[in-house]
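To keep things clear, I will list the structure first and then write my remarks on it.
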Amino acid sequence: MLEHTADAGIVAHGSTLAETFAHAAEGMYALMVDLGGVYEAEAREVAASGEDLERLLTNWLLELLFVTETEGLVFRRFDVEVRGTTLRARAYGEALDPGRHELGGMVKGVTRHMMEVVPEDGGFRARVLFDL
3 MLEHTADAGI VAHGSTLAET FAHAAEGMYA LMVDLGGVYE AEAREVAASG EDLERLLTNW
63 LLELLFVTET EGLVFRRFDV EVRGTTLRAR AYGEALDPGR HELGGMVKGV TRHMMEVVPE
123 DGGFRARVLF DL
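Adding 2 to a residue's 1-based position in the sequence shown gives its number in my numbering.
Encoded structure:
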């Protein structure tokens, strides 16, 4: 986790862009709920695009937040495919249950401040800050 005055942030790593974007989503949901208590009872298809990798990451995470806000779902695992600046994914999780799930802070938004998606050690690293 990154400490920042905005609220909270994560650094995600992966051997591919798809893996990095999946880990970024896992990190975002880990800020909201203990992922160990989230079952893979439901799946949702999610798509996003962006002008560059940073915008793609932003839009991907915002699409997931939209599903969380509109359908009350939280996710723990993601199968992601990235092609250029478009993304298609399947997110696995379940309905948020405050009586059963150990809650952290709810993520309200994704900021572009200090965001980056860069090659690193044969893979990729992504840094994202969130508004809680």
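Backbone N, C-alpha and C define an ideal beta-carbon position, used for all residues, glycine too.
Asked	Found
Rounded C-alpha distance that separates L134 from Y94	22 Å
Cβ neighbours of V35 in the same chain (closer than 8 Å, five flanking residues each side left out)	V76, L98, H103, E104, L105, G106
Endpoints, the beta strand (DSSP E) within which M116 is located	111-122
Reduced DSSP category for R85 - H, G, I as helix; E, B as strand; rest coil	strand
Backbone secondary structure at V69 - three-state DSSP	helix
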